[in-house]
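**Student:** Quick one: the structure is below, questions incoming.
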Amino acid sequence: DLLEIAKVTPKQSEIHPVDLKVLLAHILAPHQEEIESRGIKVVLGELLTLQGNPVQWDSVLGNLIRNALIYQDKDKSGEIRIWAEVAQNYYHVFVQDNGIGIASQYQQKIFEMFERLHSDSEYPGTGIGLALCKKIVQGWGGQISLDSEPGRGSTFCVSYPRESSFGERKSA
């Protein structure tokens, strides 16, 4: 995980079309058995093909989806929603869950390196995933934000500026 964070550098030459529908199929495939056995509903809303770094998008969405799976409330049916929007000059990609949620006083802390709110025996992890997401998205000139409430789940929003030479289209 530390090596992955050290390698994060945005390079214009690494910008390619990223079909979020295809990327999400790739990210979700290794988790399919867990999703089915736990009865977690994954809902894909409108998704775009946007310009970006495919490897970095894989890392960002992979971390957000893994967290959504890990932090599901065991007392209710799990649900993860993923969708994308273009608003003005920004791409916005959302990952929403109905998991355990995060109290407001911890919502910025979770983006810091090695910051964990739970022990490894409660919920596994290294405390690096969201810090990696933040570093990648900031390298794009964007931001990652969180709307969450304990017991009601979390919605992460990745926002970054569209370049005028970039374009997007709706995924089929």
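Take the sequence shown: its letters are residues 937 to 1108, numbered as in our numbering.
Don't be surprised by glycine CBs; every beta carbon is placed ideally from N, CA and C.
Computed from a prediction, not measured in an experiment: that's the story for all the values here.
So what does Q960 bridge to, in DSSP terms?
**Tutor:** In the sequence shown, the residue the question calls residue 960 occupies position 24. The sequence shown places Leu at residue 960, rather than the Gln named in the question. DSSP, once it has assigned bridges, lists no residue as partnering L960.
**Student:** To which residues of the same chain is C1093 closer than 8 Å at the C-beta, ignoring the five residues directly before and after it?
**Tutor:** Here residue 1093 is taken as the residue at index 157 of the sequence shown, counted from 1. Counting only Cβ-Cβ distances below 8 Å, and skipping sequence neighbours, we find H1028, V1029, F1030, I1080, S1081, L1082, D1083.
**Student:** I need the straight-line Cα distance from A1023 to P966, nearest angstrom please.
**Tutor:** Sequence index remark: in the sequence shown, residue 1023 carries index 87 (1-based). Sequence index remark: in the sequence shown, residue 966 carries index 30 (1-based). So the alpha carbons of these two residues sit roughly 32 Å apart.
**Student:** Would you give the residue range spanned by the beta strand (DSSP E) that S1095 belongs to?
**Tutor:** Here residue 1095 refers to the residue found at position 159 of the sequence shown. Counting along the chain, the beta strand (DSSP E) containing S1095 begins and ends at 1089–1097.
**Student:** Buried or exposed: which applies to E1090, given that a residue is buried once 16 or more other Cβ atoms fall within 10 Å of its Cβ?
**Tutor:** Translated into positions along the sequence shown, residue 1090 becomes position 154. With the sequence shown as reference, residue 1090 is identified as Ser, and Glu is not the correct amino acid for it. Classification for S1090: buried.
**Student:** Return the chain-ordered list of same chain residues with a C-beta closer than 7 Å to the C-beta of C1069, the five sequence neighbours on each side being excluded.
**Tutor:** Numbered from its first residue, the sequence shown carries residue 1069 at position 133. Cβ neighbours of C1069 beyond the five flanking positions: V996, N999, L1000, I1080.
**Student:** Tell whether a beta-carbon distance below 8 Å holds between L1009 and N1034.
**Tutor:** For this step, residue 1009 is matched to residue 73 along the sequence shown. For this step, residue 1034 is matched to residue 98 along the sequence shown. The question names Leu, but residue 1009 is Asp in the sequence shown. Yes, Cβ-Cβ distance for D1009 and N1034 is below 8 Å.
**Student:** Let me know the beta strand (DSSP E) ranges lying completely inside the region 965–995, each 3 residues or longer, listed in chain order.
**Tutor:** Counting whole runs of 3 or more residues, the region 965–995 contains the beta strand (DSSP E) stretches 977–980, 984–988.
**Student:** Distance, Cα to Cα, W1076 vs L983?
**Tutor:** As a working note, residue 1076 is residue 140 in the sequence shown. As a working note, residue 983 is residue 47 in the sequence shown. So the two alpha carbons sit approximately 19 Å from each other.
**Student:** Would you call G1078 buried or exposed, if buried means 16 or more other Cβ atoms sit within 10 Å of its Cβ?
**Tutor:** Mapped onto the sequence shown, residue 1078 falls at position 142. Its Cβ being crowded by 16 or more others within 10 Å, G1078 is buried.
**Student:** Between P953 and Q1074, what straight-line distance do the alpha-carbon atoms span, to the nearest angstrom?
**Tutor:** To locate residue 953, count along the sequence shown from 1; it is residue 17. To locate residue 1074, count along the sequence shown from 1; it is residue 138. Rounded to whole angstroms, P953 to Q1074 spans 19 Å at the Cα level.
**Student:** By Cβ distance, which residues of its chain are closer than 6 Å to E1085, with the 5 residues on each side in sequence left out?
**Tutor:** Translated into the one-based positions of the sequence shown, residue 1085 becomes position 149. Same-chain partners within the cutoff: G1037.
**Student:** Could you tell me the boundaries of the alpha helix (DSSP H) in which I1072 lies?
**Tutor:** Sequence index remark: in the sequence shown, residue 1072 carries index 136 (1-based). First-last of the alpha helix (DSSP H) with I1072: 1065–1075.
**Student:** Let me know the secondary structure DSSP gives I1036 once reduced to three states.
**Tutor:** Position 100 of the sequence shown, counted from the start, is the residue given in the question as residue 1036. Coil.
**Student:** Run through DSSP, which three-state label would E1015 get?
**Tutor:** Translated into positions along the sequence shown, residue 1015 becomes position 79. E1015: strand per DSSP, three-state reduction.
**Student:** Residues in the same chain with beta-carbon distance under 6 Å from G988, minus the five sequence neighbours each way, listed in chain order, please.
**Tutor:** Sequence index remark: in the sequence shown, residue 988 carries index 52 (1-based). Correct list, in chain order: V954.
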